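Visitor: When we follow our numbering, the leftmost residue of the sequence shown carries the number 11, and every step to the right adds one.
Cβ atoms here follow ideal geometry from the backbone N, Cα and C, with glycine treated the same way.
Every value quoted in this text rests on a predicted model; they were computed, and no experiment measured them.
For reference, the structure I am asking about is given below.
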Amino acid sequence: MNGKKMNNKALIALAIGGFGIGMTEFVIMGILPDVATALQITIPQAGHFIAAYALGVVVGAPILSTIGSKWPSHKMLLALMLWFTVFNTLSAFSESYSSLLIFRFLSGLPHGAFFGIGAVVAGKLATPGKEPQAMAIMFAGLTVANVIGVPIGTYFGHHFSWNVAFMLVGIVGIMAMLSVYFWMPKLPPSSSENVKKDFQIFKRLELWVLILLTTVGTGGFFAWYSYIAPLITDVSKYPEYMIGYAMILAGLGMVAGNFLGAKLTERLSPMRAVITSLGLMALALIINASFAANPVLVLVLTFVIGAISFSVLTPLQMAIINASKGAEMLGSSMNQSAFNLGNASGAYLAGLPIAMGYSVISSSYVGAILAGTGALIAVAIVLSRRRQKKANNSNH
Numbered sequence: 011m012n013g014k015k016m017n018n019k020a021l022i023a024l025a026i027g028g029f030g031i032g033m034t035e036f037v038i039m040g041i042l043p044d045v046a047t048a049l050q051i052t053i054p055q056a057g058h059f060i061a062a063y064a065l066g067v068v069v070g071a072p073i074l075s076t077i078g079s080k081w082p083s084h085k086m087l088l089a090l091m092l093w094f095t096v097f098n099t100l101s102a103f104s105e106s107y108s109s110l111l112i113f114r115f116l117s118g119l120p121h122g123a124f125f126g127i128g129a130v131v132a133g134k135l136a137t138p139g140k141e142p143q144a145m146a147i148m149f150a151g152l153t154v155a156n157v158i159g160v161p162i163g164t165y166f167g168h169h170f171s172w173n174v175a176f177m178l179v180g181i182v183g184i185m186a187m188l189s190v191y192f193w194m195p196k197l198p199p200s201s202s203e204n205v206k207k208d209f210q211i212f213k214r215l216e217l218w219v220l221i222l223l224t225t226v227g228t229g230g231f232f233a234w235y236s237y238i239a240p241l242i243t244d245v246s247k248y249p250e251y252m253i254g255y256a257m258i259l260a261g262l263g264m265v266a267g268n269f270l271g272a273k274l275t276e277r278l279s280p281m282r283a284v285i286t287s288l289g290l291m292a293l294a295l296i297i298n299a300s301f302a303a304n305p306v307l308v309l310v311l312t313f314v315i316g317a318i319s320f321s322v323l324t325p326l327q328m329a330i331i332n333a334s335k336g337a338e339m340l341g342s343s344m345n346q347s348a349f350n351l352g353n354a355s356g357a358y359l360a361g362l363p364i365a366m367g368y369s370v371i372s373s374s375y376v377g378a379i380l381a382g383t384g385a386l387i388a389v390a391i392v393l394s395r396r397r398q399k400k401a402n403n404s405n406h
């Protein structure tokens, strides 16, 4: 691992894997009507494919990370990408609701472990003090997928066949495997402890509070993002084709916000960066609810909310790694499970007032409440640490 060049290539390999994962997670939202029509099911039934993937992430993260911590990291990352490529490619050849549901679940299994292990590896590949920047390069793949991969996959899904979107994901998976194989330096296993010892980290209260914080705080973003299409067409009165452009704007915001979050983490500290990001997210969502009918402001806010929401990724990941000393990969992957629980719960909670007959604007208010609650949990963690420090000092 001598020299910076190798580090950069290895980080790009992680980013390509992140691009594939981001594409498969979000492209399904763009091609949902096409999948429903082709498989002769309803749109809510097609929505189960989103939930099946998220469930795969939640289940796979702790199991595969625990196995992965005993393997050399470069071999584990390669194995995870192989799994990812196989089941996304098989998704493209599904001909029934049940087969696609199973393949979506299996496609989700390596997601959390890849980012969990990748975040720890990125930290090791970084020059000292630049760990947040290294993690941001890996997460850049996920954010760039929203700007390039998802629109391309959605376009091909609409104009040719929904299967093509998953074939493209399979191709990205092969690229990720090759780049990990050729560019990732040989790395030792991250943990020599036994599994039982790794799971001791779950006795730490702070780790559970951080997992709750990720679920609730990022749920604020998903409450808004899940209903961006009706907000753009029904409230801002844009024609349907503008939804795609709005999603690209949000994606560009995510790319910018990801690197902004890394800078914030270096300047402040992981927890202070989290408080700043989630506080601003709550504020931006309240402003969005107030000005959603303004066609110009709604597009500006789409970019801004995308940026603020994804500035929380790196500081949250670093906070979890710091709280998981001794089993960093397991803790790091749990953050990905929490992120996907935020995806599911944010979309569900924001849907409740809409189902009761309220305007789609209510989804922004729900998002603001979730983001604000996340910021308060982060404040509570900081205050608790301060009290602990004082108590320790007075005992000495």
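Does DSSP classify Pro43 as helix, strand or coil?
Guide: Helix, per DSSP.
Visitor: Can you tell me which of Ile147, Ile31, Gly361 and Val370 puts its alpha carbon nearest to the alpha carbon of Pro5?
Guide: The question about residue 5 has no answer here: the residues shown for the chain are numbered 11 through 406.
Visitor: Taking Cβ positions, are Ser373 and Tyr237 nearer each other than 7 Å?
Guide: The answer is yes: Cβ separation under 7 Å.
Visitor: Could you tell me whether the Cβ atoms of Ile26 and Met339 are closer together than 7 Å?
Guide: Not closer than 7 Å, so no.
Visitor: Report the residue ranges of all alpha helix (DSSP H) runs contained in full by the stretch 171-229; include only those spanning at least 4 residues, in chain order.
Guide: If we require 4 residues or more, the alpha helix (DSSP H) runs fully inside the stretch 171-229 come out as 172-193 and 205-208.
Visitor: Is Ile242 buried or exposed, if buried means 16 or more other CB atoms sit within 10 Å of its CB?
Guide: The residue in question, Ile242, is buried, as its Cβ has 16 or more Cβ neighbours within 10 Å.
Visitor: On a CA-only basis, which of Ile31, Ala64 and Asn204 is nearest Phe124? Give me that one, please.
Guide: Phe124 has its Cα closest to that of Ile31, out of Ile31, Ala64 and Asn204.
Visitor: Have a look at His169 and Leu100 and give me their C-alpha separation to the nearest angstrom.
Guide: Their backbone Cα atoms lie some 21 Å apart in a straight line.
Visitor: Comparing alpha-carbon positions, which option in Gly163, Gly384, Lys140 and Thr153 lies nearest Gly289?
Guide: The residue with the shortest Cα to Cα distance from Gly289 is Gly384.
Visitor: Which residues in the same chain as Gln143 place their Cβ atom closer than 6 Å to its Cβ, once the five residues preceding and following it in sequence are excluded?
Guide: Counting only Cβ-Cβ distances below 6 Å, and skipping sequence neighbours, we find Ala272.
Visitor: Looking at C-alpha atoms only, which residue of Ala390, Leu380, Tyr368 and Ala23 is the closest neighbour of Pro195?
Guide: Comparing Cα-Cα distances from Pro195 to each of Ala390, Leu380, Tyr368 and Ala23, the minimum goes to Ala23.
Visitor: Output the distance between the C-alpha atoms of Pro161 and Ile38, rounded to the nearest integer angstrom.
Guide: If I take the Cα positions, the gap works out to 11 Å.
Visitor: Please classify Asn268 as buried or exposed, where buried requires at least 16 other C-beta atoms within 10 Å of its C-beta.
Guide: Label assigned to Asn268: buried.
Visitor: Taking Met281 as the reference, which of Thr47, Glu105 and Ile387 has the closest Cα?
Guide: The shortest Cα separation from Met281 among Thr47, Glu105 and Ile387 belongs to Ile387.
Visitor: Shortest alpha-carbon distance to Ser287 belongs to which of Gly230, Ala302, Phe301 and Leu309?
Guide: Among Gly230, Ala302, Phe301 and Leu309, the Cα nearest to that of Ser287 belongs to Gly230.
Visitor: Using only the alpha-carbon positions, how far apart do Val45 and Ile391 sit?
Guide: C-alpha separation (whole angstroms): 43 Å.
Visitor: Rounding to the nearest angstrom, what Cα-Cα distance links Trp93 and Ser117 in this structure?
Guide: For Trp93 and Ser117, the distance between alpha carbons rounds to 7 Å.
Visitor: On a Cα-Cα basis, can you pick out the residue from Val182, Asn345 and Val306 that is closest to Pro325?
Guide: Minimum Cα distance to Pro325 is reached at Asn345.
Visitor: For the ligand NAD, is there any heavy atom lying closer than 6 Å to the beta carbon of Ser106?
Guide: In the structure on display, the ligand NAD does not appear, and there are no ligands present to speak of.
Visitor: Go through its chain and collect everything with a Cβ distance to Ile330's Cβ below 8 Å, but skip five positions before and after it.
Guide: Contacts found: Leu217, Leu220, Ile221, Thr224, Gly341, Ser342, Met344 and Asn345.
Visitor: Output the boundary residues of the alpha helix (DSSP H) element that contains Ala292.
Guide: Its alpha helix (DSSP H) spans residues Pro280 to Phe301.
Visitor: Just verifying my parser: in three-state terms, what is the DSSP assignment at Asp240?
Guide: Residue identity check: residue 240 is Pro in the sequence provided, not Asp. Three-state DSSP puts Pro240 in a helix.
Visitor: Taking contact to mean at least 3 C-beta pairs separated by less than 8 Å, is the stretch 312-325 in contact with the stretch 255-262?
Guide: Touching, yes.
Visitor: Could you tell me the alpha carbon to alpha carbon distance between Pro421 and Trp234, rounded to whole angstroms?
Guide: Since the first residue of the chain shown is 11 and the last is 406, residue 421 is not available in this structure.
Visitor: Just to check my reading of the structure: Ser453 and Ala302 have Cβ atoms closer than 8 Å, yes? What is that Cβ distance to the nearest angstrom?
Guide: Because the chain in this structure spans residues 11 to 406, residue 453 falls outside the shown range and cannot be described.
Visitor: Quick one, which of Phe59, Val69, Lys85 and Met328 has its alpha-carbon nearest Leu278's?
Guide: Checking every option, the nearest Cα to that of Leu278 belongs to Met328.
Visitor: If I follow the unbroken alpha helix (DSSP H) through Gly254, where does it start and stop?
Guide: First-last of the alpha helix (DSSP H) with Gly254: Met252 to Arg277.
Visitor: Is the CB-CB distance between Ala64 and Phe176 below 7 Å?
Guide: Cβ distance not < 7 Å, so Ala64 and Phe176 don't count as in contact.
Visitor: What separation, rounded to the nearest whole angstrom, lies between the Cα atoms of Gly13 and Thr34?
Guide: Low per-residue confidence applies at Gly13: pLDDT is 44, beneath 50, and the placement is therefore not dependable, though the value from the model is reported in the following sentence. Roughly 34 Å between the two C-alpha positions.
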